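Heads up, the sequence shown is in numbering that gives the first Met the number 0, so the first residue is 0 and it goes up one at a time. The C-beta atom is built at its ideal place from N, Cα and C for all residues, glycine as well. This structure is a prediction, so every number in the text was calculated from the model and none was measured. Heads up: the structure comes next, in structure tokens.
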Amino acid sequence: MLLPLASRLSRRERGLLFTFALLTLVAFFGPELPAAEVAIASVFADNRAWHGLPNAMDVLSNIPFVVIGLWGLYRLNRIDRSHQEALSQFPLAPPASDPPDNTLDCAWLFFAGLIATAAGSAFFHLVPDAPRLAADRAGMAVAFAGLIGVAVCERVSQRAGWPAAWFVLTAGLLSAEVFQETGNVMPWALVQFGGMALVVTLALATPMRKSLGLKLGWAIFFYVLAKAFELADHQVYEFTQHVVSGHTLKHLTASLAGLPVVFALHKLEMHWAAALRHNPGAAAVAA
């Protein structure tokens, strides 16, 4: 059954399927990676309260995730409304350069995931402990799924994007639950680092026709910078003389990974509106 399916896939789709299958096998049959036995609350450098809000900087630094998430959803809503208006005006002649549906669906998931990331991270940092860490990772899993879905639409195929997003979302939520139940962090590491390794690989591939033109390199840059700040949490806190910690900067920097998607959507909106003005019925199919 798998062989006929594989024969109908493109080379890039087969490579994506192989990658997901390999990561799944490692998650199920690979070695366990136990988390370090340390008190989670003591891991973070800055535990200062502000007006009764515990760990205030690490909580409030999640606000940019909400801002960029709402900004992206606003852009998507504008595209959707203009598309619906165009279809109502030209019911027999579809507008030229229709927005790529699967890409936009994955972008909806990504921006909703940024908001979910903010909620989960703020919830966790209020009282850092293992159960709340699962909520933190669940929010991130939604954002990871959306980003990988958009990247797959851009560099593999439109039809592969949505299944890829759902695969990553399911894997991310399950891996957070596995860590909560068993303490094995390996599945989550595969989702996070395996997922970003996939994004890096896709960034090196040629974009597909009618792609958004998403600058994946910028998303990767902000992710790497955020991880560097996370690893240097205490060092940054001491270097800045207790002004700001590395983990706070991690939140601020990671949120910026949403900007390349926002800008790509803005560019799509402008191009699509221009195409509609100049030739609204160019995509009509001849009888």
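Per-residue DSSP class, three states only, for residue i
i, result
"ASN101", "helix"
"PRO162", "helix"
"MET259", "A quick correction: the sequence has Pro, not Met, at residue 259. Note: PRO259 maps to helix in three-state DSSP."
"LEU72", "helix"
"ALA231", "coil"
"MET269", "helix"
"PHE43", "coil"
"ALA253", "helix"
"PRO206", "coil"
"LEU211", "coil"
"SER174", "helix"
"PHE128", "In the sequence as presented, Phe is not what sits at residue 128; that position holds Asp. Coil at ASP128, not helix or strand."
Span separating the alpha-carbon of residue i from that of residue j
i, j, result
"VAL198", "LEU215", "7 Å"
"GLN240", "GLN234", "10 Å"
"VAL149", "TYR73", "17 Å"
"ARG11", "LEU52", "48 Å"
"LYS249", "VAL243", "11 Å"
"VAL155", "ALA48", "46 Å"
"MET195", "VAL223", "10 Å"
"PHE110", "PHE238", "33 Å"
"GLY14", "MET207", "15 Å"
"THR252", "ARG158", "31 Å"
"ASN101", "ALA164", "10 Å"
"ALA34", "TRP187", "11 Å"
"ALA140", "TRP107", "14 Å"
"SER60", "SER120", "10 Å"
"VAL58", "GLU180", "25 Å"
"ASN46", "PHE64", "21 Å"
"ALA115", "PHE122", "10 Å"
"ALA227", "GLN83", "43 Å"
Residues bridged to residue i [DSSP beta-bridge criterion]
i, result
"PRO33", "ASN183"
"LEU52", "TRP49"
Where residue i falls, given that 16 or more other Cβ within 10 Å makes a residue buried
i, result
"PHE323", "Since the displayed the chain opens at 0 and closes at 286, residue 323 lies outside it and no answer follows."
"PHE28", "exposed"
"ALA129", "exposed"
"SER174", "buried"
Supposed contact pair residue j and residue i - C-beta distance, whole angstroms, cut 8 Å
i, j, result
"GLY160", "VAL167", "Incorrect: roughly 11 Å between the Cβ atoms, too far for contact."
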